[in-house]
Amino acid sequence: MSTLLCISECTRNDSGQYAVTGKNILGTLTEIITVKVHDIPGPPKGPIHYDRISNESITISWDPPENDGGVPINNYIVEFRDTTSTSWSVLSTTIIRTVFKAERLTPRAEYQFRVKAKNRYGVGPPITSESVVAAYPFKVPGPPGTPQVIGFTKDTMTISWNEPVNDGGSEVIGYHIERKERNSILWQKVSSALIVGNIFKSIGLEAGIAYEFRVAAENIAGVGKPSKPSEPSLALDPVDPPGTPVAINISKNFVNIKWTKPNYDGGFKITGYTVEKKDLPNGRWIKVNYSNIQETTFTVSGLTEGASYEFRVLARNSAGAVSSPSEPSDPIGVEVVSITKDSMVVIWSAPDNDGGSSITGYVIEKHDKEGIRWTKCNKHTVTELSFKVKGLFEGHNYEFRVSAENDAGVGKSSSPSIYYMAIDPVFRPGPPNSPKVTNISRTSVFLSWEKPIYDGGCDIQGYIIEACEATSEEWKMCTLPTGIKQTQYEVEKLKENQNYKFRVFAINKVGVGECSKISEGYVACDPCDPPGTPEPIIVNKNAITIQWAKPEYDGGSIITGYIVEKRDLPDGRWMKANFTNVTETQFTVSGLTEDSKYDFRVIAKNAAGTISKPSYNTGPITARDEVEPPRLSLDPEYSQAVVVSAGSTFKLDADVYGKPTPTVQWFKEDKGIENTLRCEIKRTDLRTILTVANVAGTKIFTFYVKVLDSPGPCGGMLNVSAVTSETCTLSWLPPEHDGNSNISHYIIERRETSRLAWTVVASKCDVTSFKVNNLLEGNEYIFRVMAVNSYGVGEPLESSPVTIKNPFLLPGSPQSVEVTNIAKDSMTVFWSSPESDGGSEITGYIIEKKDKTGIRWTKCNRQTITDLSFRVTGLTEDHEYEFRISAENMAGLGEPSLPTSYYKACNPKFKPGPPTHVHVTDTTKNSVSLAWGKPIYDGGCVIQGYIVEICKADEEEWIMCTPATGLPFNKLDITKLTENKEYKIQVCAINKLGIGEPAAIPGTVKVQDKIEPPGLTIDSELRKGIIVLCIVYFLYVQV
């Protein structure tokens, strides 16, 4: 025999040594044939690199082609295009190197480049670059940090800011400053020149106006986005800081401090102070007063015994200007704690120097401010670092000092402490709880509150109530300065419909304490009446629906909602049952327990914010299902068919009973009927079904209705066929609805599309087809046909416009539309030519797509497509699309193909299909040789390999014959098999998502030798080696 190797459309990859081997049990024979293939070069090796980019030029580079066509590369051709255009322009055709600089580009335009290699056989295919914008490779800087006002006067402000976190890749060369008044929306540039540095002083401000500033950075690429605006700051002369605070009284958990007023008040009256503290050594400054301080003294409470603190004070004037903080006080080490009227506890630290001998004890001395002598306090040696001094006189001031003692004697005394008064510790009380409104009317409000947690060490003597209108900042005292004893009070003489806020102060023998938190705003108006008593309307095992009547009086404002409360009986407490506002007078309380008893009530609230008293209770309601099967009560006449004339109105009545109330649904010919004012009946014989159902069951009754009418339009389409220059043939289907009477005949009419009048063609046609004669060639006609019965003429069925001419048809629909190579933004559509070209050659195809979320078909190709495939790009990731194809010939655009299935635009997410044409190429006594083709469906990504499995014919265990990663080629020799044994074999393809479906060899394969001695006869010319161009080439070998 002879063997033939045919290499069609050979490429450079086909160059090399070809070995032909003949082998059987008698031996092996191999011959080598050398083949060299010359061709045009392949594409240059990519990708194309952008080495340097500016506004007007781009330097690109690439690598030589991996395939030079077998001969040296002569030169390269570089082309470019603007991405808004589809045409390519040549930049150069004589480039020797693999680098090129494209100049004279349009700034900010987007370009694409492609490069082709050329050898003596011609120009190879191009490599195309990614799109690139002709612009500097860096961006404008990001926004700077939010500017801060660090200094101000009545006509200037100094601001500072931080550099942008992102400079865009280029150094910031300066900043632009803008400002605006707080109530304005217009930003004004305040510097004509670029600002260098991070501090700027804005001048020319108007006193008393609040200003905001923002900053934008600039680099070579341009000006970036502005920063966030600064906090509004008033243009006012600053207030001087108060004097340094001084401690005048110290206890274990409080310090009294005092300071002096600012030297300059900024031109406005000082209205208050803010005190801040800092824990030493590493604390941060924290505000310690929660109400305005108008005096120059303050008691800082809540301190930790033995801790050290710093304090500072800020002043504020009536214009809103706030001073810088005062100089902080000296660190205060608490030396005397636990002060009472006759004792004090003194604490100290051990000396830094013990004199070379251990400290054996301490001597404590006191000095009465009214005396002149220091008196020893301890009779016995004190070894601890604290001592309780007793026998003090109430109201006297004492200072203390301590001396350390060792074996050498008593050392030098410490510096004396400050003076401490021997009194039981008493302070102003803390704030009461925020007042609550328990009742309200148009002229009064009834308040209640809780006592303060801290009473200052003595009994609370009373409370002071203050009120303030919501639109004002002026607080007015509602009680006498001596206060009231109770923790509730009725504030009277309020303005009707005015919004008020309230606060409370506690009083003890030391004075008035801090105010409570300010209450919510309350409008002085009459409360609304309670709603009506709620009643249950639907009760089941886990939910109860109640309804109630609106309040008789709404308090002068509309009712805005209701609060529904429930309680478990017998001993439950009232709990809110709704978690959103209830605006209707009906509510379903869900989440109930079956057979449990509940009680319900409702509270109303109006637009003024007032809340009514609760309604009366419903009384006990048990959560359980109360059911009664549905039933129907019907007129006996409905047992027969109801006959009506077309155009008349008829009613189908039925009384429905059952608990819970059954749901009612009407059906017309098994389709639900909507609850509309008119139900259109198109069938002449109608079956209407009434279905009522609840949890206890379902009841169905069928009504039969017969409607007498003229026939409906003829069925299907009015087809126009066999068109010639003078005649055409019409065909149609009988009407779907015959009006409950036989069709007697049909009336056929025609009209030219340029006229409105219809002409009768046939007044009595007995069949469903008709040939129309005597038409004018080139005219466009519309035909219609009407069915006739004993009740009249039916609606017409019109044809589409048809031009009378000899046959020259539009092409048919393309066939076998398929979609493959799916990516997140593109898909490739394949199709086959239509079966009919309409008598004219196909000139092109139109591809259309439709998003699943849309309703319109969109054309995909701008230019005529003559191939049978097209890559659709610009898709939206994760959207689903369907496609259809229309063919076009000289007669026009044909009908589109059937739309494809929907395909999601996403990267491949499927396993491959089964390989094709799996077959045995040879067998021996211990091996089988296989070959197969690629899967028709690759799963959307590259096939990475193949797995071959084998199984003995009488067993079910499959054994893998390949590595787990698969084979990269399409054939395999399976060895070490048992002679004369039969096997089952299957092959699976692999892609990056896994192993696909298997393809099995039909039946079984028997392992046995095919004995035939090898022999090869090779032409002497083949032994010399051959050089060919890229054409079909044949290698003949006689075997």
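Here the sequence shown is numbered in UniProt numbering, starting from 1 and rising by one per residue.
Glycine included, every Cβ here is placed at the ideal spot set by N, Cα and C.
Opposite Leu875 in the DSSP bridges: which residues?
Here residue 875 corresponds to residue number 875 of the sequence shown, with the count starting at 1. Looking at the DSSP assignment, Leu875 forms no beta bridge with any residue, so it has no partner.
Option in Leu385, Ser448, Val523 with minimal Cα separation from residue 1042:
Nothing about residue 1042 can be read from this structure; the chain reaches only from 1 to 1039.
Hey, Thr900 and Val817: beta-carbon distance below 8 Å or not?
Indexing the sequence shown from 1 puts residue 900 at position 900. Indexing the sequence shown from 1 puts residue 817 at position 817. Their beta carbons are under 8 Å apart, which means Thr900 touches Val817 by this criterion.
Cβ neighbour criterion (16 or more within 10 Å) applied to Trp574:
In the sequence shown, counting from the first residue as 1, residue 574 sits at position 574. Trp574 sits exposed, since fewer than 16 C-beta atoms from the chains shown fall within 10 Å of its C-beta.
Of the residues Glu726, Leu634, Ala408, Ser754, which one's Cα is nearest the Cα of Lys699?
If you number the sequence shown from 1, residue 699 lands on position 699. Taking only the C-alpha atoms, the option nearest Lys699 is Leu634.
Would you call the stretch 578-595 and the stretch 502-514 touching, i.e. three or more CB-CB distances under 8 Å?
Contact fails: fewer than three Cβ-Cβ distances are below 8 Å.
Using a Cβ-Cβ cut-off of 8 Å (strictly less than) and excluding sequence neighbours within five positions of Glu206, which residues of its own chain qualify?
As a working mapping, residue 206 is identified with position 206 in the sequence shown. Hits under 8 Å: Asp155, Ala235.
Taking Thr21 as part of the beta strand (DSSP E), name the residues at either end of that continuous run.
As a first step, residue 21 is located in the sequence shown; it is residue number 21 there, counting from the start. First-last of the beta strand (DSSP E) with Thr21: 16-24.
Kindly indicate which three-state DSSP category Arg678 falls into: helix, strand or coil?
Residue mapping note: residue 678 aligns to position 678 of the sequence shown, counting from 1. At Arg678, the pLDDT of 46 sits below 50, so the modelled position is not reliable; the number obtained from the coordinates is stated separately. Reduced to three states, the DSSP call for Arg678 is coil.
Note down the Cα distance separating Glu626 from Asn578, rounded to an integer number of angstroms.
Reading the sequence shown from its first residue, position 626 is the one you call residue 626. Reading the sequence shown from its first residue, position 578 is the one you call residue 578. Their backbone Cα atoms lie some 24 Å apart in a straight line.
Report the three-state DSSP secondary structure of Glu520 (helix, strand or coil).
In the sequence shown, the residue the question calls residue 520 occupies position 520. Three-state result, Glu520: coil.
Are the CB atoms of Gly409 and Thr381 nearer to each other than 8 Å?
As a working note, residue 409 is residue 409 in the sequence shown. As a working note, residue 381 is residue 381 in the sequence shown. In this structure, Thr381 does not lie closer than 8 Å to Gly409 by Cβ.
Terminal residues of the continuous beta strand (DSSP E) containing Pro262?
The count along the sequence shown starts at 1 and reaches residue 262 at position 262. Per DSSP, Pro262 belongs to no beta strand (DSSP E) and is neither H nor E.
Contact between the stretch 797-812 and the stretch 762-778 (3+ Cβ pairs under 8 Å):
Enough Cβ pairs lie closer than 8 Å, so yes.
Hey, Leu303 and Asn253 are a contact pair by Cβ (cut 8 Å); roughly how many whole angstroms apart?
Within the sequence shown, the letter at position 303 stands for residue 303. Within the sequence shown, the letter at position 253 stands for residue 253. Contact holds; Cβ gap of about 5 Å.
Here's the rule: buried if 16 or more other CB atoms are within 10 angstroms of the residue's CB, otherwise exposed. What is Leu480?
As a first step, residue 480 must be located in the sequence shown, where it is residue number 480. Its Cβ having fewer than 16 others within 10 Å, Leu480 is exposed.
Selection from Asp878, Ser291, Ile77 that minimises the alpha carbon distance to Lys852:
One-based indexing of the sequence shown puts residue 852 at position 852. Ranking Asp878, Ser291, Ile77 by Cα distance to Lys852 puts Asp878 first.
In three-state DSSP terms, what is Glu514?
As a working mapping, residue 514 is identified with position 514 in the sequence shown. Of the three classes helix, strand and coil, the one that applies to Glu514 here is strand, per DSSP.
How big is the Cα-Cα spacing for Lys659 and Tyr562?
The residue you call residue 659 lines up with position 659 of the sequence shown. The residue you call residue 562 lines up with position 562 of the sequence shown. Straight-line spacing of the CA atoms in Lys659 and Tyr562 works out to 28 Å.
In three-state DSSP terms, what is Pro801?
Numbered from its first residue, the sequence shown carries residue 801 at position 801. In this structure, Pro801 counts as coil in the three-state DSSP scheme.
Looking only at its own chain, which residues have a Cβ that is under 6 Å from the Cβ of Ser318, when we skip the five neighbours before and after it?
Against the sequence shown, residue 318 aligns to sequence position 318. Taken in chain order, the residues that qualify are Phe268, Lys269, Thr271.
Tell me, please, which residues DSSP counts as bridged to Tyr175.
Taking the first residue of the sequence shown as 1, we reach residue 175 at position 175. In the DSSP output, where bridge partners are listed per residue, Tyr175 has Ile195, Ala217.
Report yes if the CB atom of Ala623 is closer than 8 Å to the CB atom of Lys541, and no otherwise.
For this step, residue 623 is matched to residue 623 along the sequence shown. For this step, residue 541 is matched to residue 541 along the sequence shown. Yes, they are a contact pair.
Can you name the start and end residues of the beta strand (DSSP E) that Gly844 belongs to?
What you label residue 844 is simply residue 844 of the sequence shown in a count that begins at 1. Residues 844-851.
Roughly how many whole angstroms lie between the Cα atoms of Ala608 and Cys525?
Within the sequence shown, numbered from 1, the residue matching residue 608 stands at position 608. Within the sequence shown, numbered from 1, the residue matching residue 525 stands at position 525. It is roughly 8 Å from the alpha-carbon of Ala608 to the alpha-carbon of Cys525.
Using the Cα positions of Ile250 and Met344, report the straight-line distance between them to the nearest angstrom.
As a first step, residue 250 is located in the sequence shown; it is residue number 250 there, counting from the start. As a first step, residue 344 is located in the sequence shown; it is residue number 344 there, counting from the start. Approximately 12 Å between the Cα atoms of the pair.
Going by beta carbon distance, what residues of the same chain come within less than 6 Å of Gly243, once the five residues before and after it are set aside?
Position 243 of the sequence shown, counted from the start, is the residue given in the question as residue 243. By the criterion of a C-beta distance shorter than 6 Å, Gly243 is surrounded in its chain by Trp259, Thr260, once the five residues flanking it on both sides are discounted.
Tell me whether Cys6 is buried or exposed, calling it buried when 16 or more other Cβ atoms sit within 10 Å of its Cβ.
Here residue 6 refers to the residue found at position 6 of the sequence shown. Result: exposed.
If we ignore side chains and look at the alpha-carbon of each, how far apart do Ile195 and Phe152 end up?
One-based indexing of the sequence shown puts residue 195 at position 195. One-based indexing of the sequence shown puts residue 152 at position 152. The alpha-carbon atoms of Ile195 and Phe152 are separated by roughly 19 Å.
Start and end residues, beta strand (DSSP E) containing Trp932:
Sequence index remark: in the sequence shown, residue 932 carries index 932 (1-based). Counting along the chain, the beta strand (DSSP E) containing Trp932 begins and ends at 928-933.
If you measure from the CB of Leu314, is any heavy atom of the ligand SAM nearer than 7 Å?
Absence of the ligand SAM from the depicted structure is noted, as is the absence of any ligand whatsoever, leaving it without description.
Buried or exposed: Ile48, going by 16 or more other Cβ atoms within 10 Å of its Cβ?
Here residue 48 corresponds to residue number 48 of the sequence shown, with the count starting at 1. Counting Cβ neighbours within 10 Å, Ile48 comes out buried, since at least 16 surround it.
Considering just the uninterrupted stretch of the beta strand (DSSP E) at Thr921, what are its terminal residues?
By one-based count along the sequence shown, residue 921 stands at place 921. Start and end: 916-923.
Should residue 1059 go down as buried or exposed, given a rule of 16 or more other Cβ atoms within 10 Å for buried?
As displayed, the chain neither begins before 1 nor continues past 1039, which places residue 1059 out of reach and without an answer.
Top-ranked residue by Cα proximity to Ala891, from Ser338, Thr843, Met477
For the purposes of this step, residue 891 is taken as the residue at position 891 of the sequence shown. Put simply, of Ser338, Thr843, Met477 the residue whose alpha carbon is nearest the alpha carbon of Ala891 is Thr843.
For chain C, find out if any of its Cβ atoms is closer than 8 Å to the Cβ of Val99; answer yes or no.
Protein chains in the displayed structure number just one, and chain C is not present.
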